[in-house]
Structure formats: C-alpha cells, structure tokens
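See structure below.
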Ligand SMILES: [Zn+2]
C-alpha cells in the first residue's frame, strides 16, 4: 500500500515526513546539505522507513547518510535496522535498545506482547512487517555539530520529562529545531515532571529557531510552542 503521507518542505535545507497517528508513526526530519544528508529518527518499522525513503526518492533527494535518534521509544527506533547509512544516538538509548533486543531474543512471548500492545502497533506491523531491534552504530557523548555542506546539524543533549535519553537536532542556518517527543510526559503514565519541563523550555528558549518540529503533531512556531508547553 502506498503511504498517504507526502514529504513536506519546511525551509531551504529541511523537510518533514509527517506523523501518521493510526500507525503511531512519528514525524521524521530530513536535512540536506551539499555533501551529506541527515534524518531525524528512523521510524516505527521497516515499512515506515520504506515509505519515507520512497518519498525522498520521489523528490529526487538522497537517502540519509546519518540518522539521529531522538530517544529510545519503539516508534522512533524500530526502523533502525532498515536505515540507510549510520545511526547516531546517546549511550543511554543504545543501552535501552540492547536491553529490548535481548528481551525479544530470550522471551518468545515478548514479541506477541509488543505486537498486541496497541491497535496502532498492530496496524503498523500488519501484513508480515518484521519486528527487528538493533543497537545504533555510533554513540554521541555530548553535543556535536555535523557539517552537512552549507548547512549544519547541531545535535544537542537535553533534559526531558518524557525520557532520560533525549537528543534534539537544531539547524541554525534554517532556524529549525527537531525535538522528538521531548516535551511529553512519561510513558505510559504520562506523569509530567515539571522541573524537567522547565529545563527543556529554558533550553528551547535559548535556541535560535523559528520552527519547532515535535514527534506527533504539525510544526509549531517557537513562541506558540513555548506558550503551549510552559506558559
Ligand atoms: Zn516517545
């Protein structure tokens, strides 16, 4: 089946493959420089990756050389085994993925529990889409700037109420910031740690960005976003 989502251009160097709630697919970011391209998050499964890459090819854009993972959650990471190029993530994210990979390998019921955990997961993995969990290729230990050729991807550590392994990607030339699910509460309780939310809001306030792209909604203006999460 052809994906209903189309690639959206945000700015000169940035694009968005939009979220798809019935399949719990998050927004996937894409930044294209003269020498390299970089994706933000791998996606929910190989099927998600396939749809994203088909959309890139349709626009004549290169498959990503690098994919930065914003946090360990399955809808952002279980497509990693199908990612083109190298995947970059925090050591905490890698540890969590290695743990999930081991649980899946050791306990035959783990996969069934995961696949029946939510209708959106069932929908994403329908039609025999394989469940494959892999660790990342390279651990990022602290903030890092990557020159993609005429445009920079600034990979930034941040506090987040959602998980303890959050990365954001800032594109200073285009004033775009990709944040994954960083502003959400903890899963599955959705408990909100307001101290961590305040630190996140402060961090975002200090970044020169005009457009904020989170995990599961349309892009926001920065003031609009901050007004919503931390008025
Ligand atoms: Zn998440």
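In our numbering, the protein residues as written are 3 to 233.
Where is the CB? At the ideal position from N, CA and C, for every residue including glycine.
Could you tell me how far apart the beta carbons of residue i and residue j are, in whole angstroms, since I believe they sit closer than 8 Å?
i	j	result
residue 40	residue 200	Contact doesn't hold; Cβ gap of about 29 Å is too wide.
residue 195	residue 174	Going by Cβ atoms, the distance from residue 195 to residue 174 rounds to 28 Å, so no, they are not a contact pair.
residue 78	residue 44	7 Å
residue 106	residue 138	Contact flag wrong, Cβ pair sits at about 16 Å.
residue 33	residue 150	6 Å
Looking at ligand 1, does it come within less than 6 Å of residue i, judged from the CB to the closest heavy atom?
i	result
residue 183	yes
residue 50	no
residue 75	yes
Could you check which residue in the options has the C-alpha nearest to that of residue i?
i	options	result
residue 153	14, 102, 122	14
residue 87	103, 136, 65	65
residue 134	104, 118, 142	104
residue 70	35, 182, 116	182
residue 54	19, 6, 95	19
residue 2	112, 62, 141	The shown model of the chain, from 3 to 233, leaves out residue 2, and the question about it has no answer.
residue 146	97, 169, 17, 202	169
residue 125	8, 227, 24, 211	24
residue 178	193, 206, 188, 159	206
residue 72	193, 160, 211, 192	160
residue 6	49, 120, 33	49
residue 143	90, 203, 136, 150	90
residue 229	204, 191, 132, 129	204
residue 85	222, 11, 117, 30	30
By the DSSP assignment, the beta strand (DSSP E) with residue i in it spans what residues?
i	result
residue 69	68-70
residue 149	146-149
residue 156	154-159
Is the closest heavy atom of ligand 3 to the C-beta of residue i under 6 Å?
i	result
residue 132	Ligand 3 is absent from the structure shown, which contains only ligand 1.
As an exercise, report each continuous beta strand (DSSP E) stretch of at least 3 residues that is fully enclosed by the region 77-123, in chain order. For the region 77-123, whole beta strand (DSSP E) runs of length 3 or above, ordered along the chain, are 88-91.
Continuous alpha helix (DSSP H) assignments of at least 4 residues falling wholly in the region 16-70: Entirely contained in the region 16-70, the alpha helix (DSSP H) runs reaching 4 residues are, in chain order, 48-60.
Kindly provide the ranges of any alpha helix (DSSP H) runs that are 4 or more residues long and lie completely inside the region 171-231, ordered along the chain. Whole alpha helix (DSSP H) segments, 4+ residues: 196-207, 224-231.
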